[in-house]
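*Asks:* Numbering (the numbering used here), first residue to last: 949 to 1225. Here it is: the structure, laid out below.
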């Protein structure tokens, strides 16, 4: 049967498939546009399955803060070009919508299903790698931040007060997390195995330094303890120098804000999300 150019054009606009693919699908469907669209989708999904093993190291982290929660969706793709595509960005926002509307707290089939049409259209492997929901209890101050490259995001919830000064501090802590990407929150979070490994590295460095090796054992032990203390201060969020005031640590700044707010504050949640990690 004869397939008109207008029918091909209409099917292409509806599915995003190529002109020749649309024409072949219409011929196979005997001119039925709905059936042709179904054929194209089935073929497209088959192609998506073939691409499923391709690496998705690019993408974006989408964030939305509500009064009582912060929602993160990590959407990945194969290329940075696609990550900047307006359809890809719109998909990320839609994934946030579904997550919030359905009260989802992890990656589900509802998320995966939303990827199908864009995967077929763009012909890249995509995945919803992570869905994270952070609650902000009543009387707490919560904030979120996503970096300009959309590959690093953070969230901080502080309990004890929801005063504006605390909310501002929570947001500044989000900036700090994204800027310094600390490995741990407090010293108590640091595994003993990590500390022991670092001690062995420092010991080896000292033994290989003739000046250091000649020092008495008690002096070397003091130096080693100082090196570990400095390492932990650099690796732990609360001990790092605060991003907005490098003369005080995050913990000291928390104490200052506690006095300003007239409340005993503490970190309820500190979360850092880096694309692909």
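C-beta: ideal position from N, C-alpha, C; glycine also. No experiment lies behind these values; they were computed from the predicted model shown.
#1: What residue range is occupied by the uninterrupted alpha helix (DSSP H) comprising residue 1144?
#2: Taking only three categories from DSSP, how would you classify residue 1037?
#3: So, with DSSP's three-state summary, where would you put residue 1131?
#4: Using three-state DSSP, classify residue 1162 as helix, strand or coil.
#5: Locate the alpha helix (DSSP H) running through residue 1058, then write down its first and last residues.
#6: In three-state DSSP terms, what is residue 1219?
#7: Is the beta carbon of residue 1138 closer than 8 Å to that of residue 1183?
#8: Closer than 6 Å by C-beta to residue 1111: which residues in its own chain qualify, once you throw out the five before and the five after it? Chain order, please.
#9: What residue does the beta strand (DSSP E) around residue 1020 start on, and which one ends it?
#10: Let me know the secondary structure DSSP gives residue 1047 once reduced to three states.
#11: Can you tell me whether DSSP reads residue 967 as helix, strand or coil?
#12: Using three-state DSSP, classify residue 1197 as helix, strand or coil.
#13: Buried or exposed for residue 968, please, with buried defined as at least 16 other CB atoms from any protein chain shown within 10 angstroms of its CB.
#14: Could you please give the first and the last residue of the uninterrupted alpha helix (DSSP H) stretch that includes residue 1029?
#15: What does a CB cutoff of less than 7 Å around residue 1120 pick up in its chain, not counting 5 residues either side in sequence?
#16: Determine which residues share a DSSP beta bridge with residue 896 and list them.
#17: Return the CA-CA distance between residue 1018 and residue 1178, expressed in angstroms with no decimal places.
#18: Verify whether the separation of the beta carbon atoms of residue 1055 and residue 1082 is less than 8 Å.
#19: Suppose contacts are defined by Cβ-Cβ distances below 8 Å. Is residue 1024 in contact with residue 1103 by that definition?
#20: Taking only three categories from DSSP, how would you classify residue 1185?
#21: Give the single residue among 1051, 1046, 1052 and 1050 whose Cα lies nearest to the Cα of residue 1063.
#22: Enumerate in chain order the residues of its own chain whose CB-to-CB distance from residue 1117 is below 6 Å, with the five nearest sequence positions on each side excluded.
#23: In whole angstroms, what is the alpha-carbon distance linking residue 1008 and residue 1219?
#24: Less than 6 Å between C-beta atoms, sequence neighbours within five positions excluded: which residues of the same chain meet that for residue 1010?
#25: By DSSP, does residue 1080 sit in helix, in strand, or in coil?
#26: Please state whether DSSP places residue 1013 in a helix, a strand or coil.
*Replies:* Well, looking at it:
#1: Taken as a continuous stretch (DSSP letters only), the alpha helix (DSSP H) holding residue 1144 covers 1140-1155.
#2: Reduced to three states, the DSSP call for residue 1037 is helix.
#3: In this structure, residue 1131 counts as coil in the three-state DSSP scheme.
#4: Taken through DSSP and simplified to helix, strand or coil, residue 1162 comes out as coil.
#5: Element bounds for residue 1058: 1057-1070.
#6: Correct three-state label for residue 1219: strand.
#7: Yes, these two residues count as a Cβ contact at 8 Å.
#8: For residue 1111, where only same-chain residues beyond five positions count, the Cβ hits under 6 Å are 1209.
#9: Residue 1020 -> beta strand (DSSP E) spans 1017-1025.
#10: Residue 1047: helix per DSSP, three-state reduction.
#11: Looking at residue 967 - three-state DSSP - the assignment turns out to be helix.
#12: Judged by DSSP in its simplified three-state form, residue 1197 adopts strand.
#13: Burial is judged here by how many other beta carbons sit within 10 angstroms of a residue's own beta carbon; residue 968 has fewer than 16 and is exposed.
#14: For residue 1029, the enclosing alpha helix (DSSP H) starts and ends at 1028-1031.
#15: Correct list, in chain order: 1191 and 1192.
#16: This structure leaves residue 896 out entirely; the chain is present only between 949 and 1225.
#17: Near 33 Å, if we compare the C-alpha coordinates of residue 1178 and residue 1018.
#18: Their beta carbons are not under 8 Å apart, which means residue 1055 does not touch residue 1082 by this criterion.
#19: Taking the C-beta atoms as reference points, residue 1103 is found no nearer than 8 Å to residue 1024.
#20: Reduced to three states, the DSSP call for residue 1185 is helix.
#21: Comparing alpha carbon positions, the residue from 1051, 1046, 1052 and 1050 closest to residue 1063 is 1046.
#22: Taken in chain order, the residues that qualify are 1205.
#23: When rounded, the distance between both Cα atoms is 17 Å.
#24: Excluding sequence neighbours, residue 1010 sits near 1021, 1040 and 1044.
#25: The answer is strand: DSSP assigns residue 1080 an E or B state.
#26: Residue 1013: strand per DSSP, three-state reduction.
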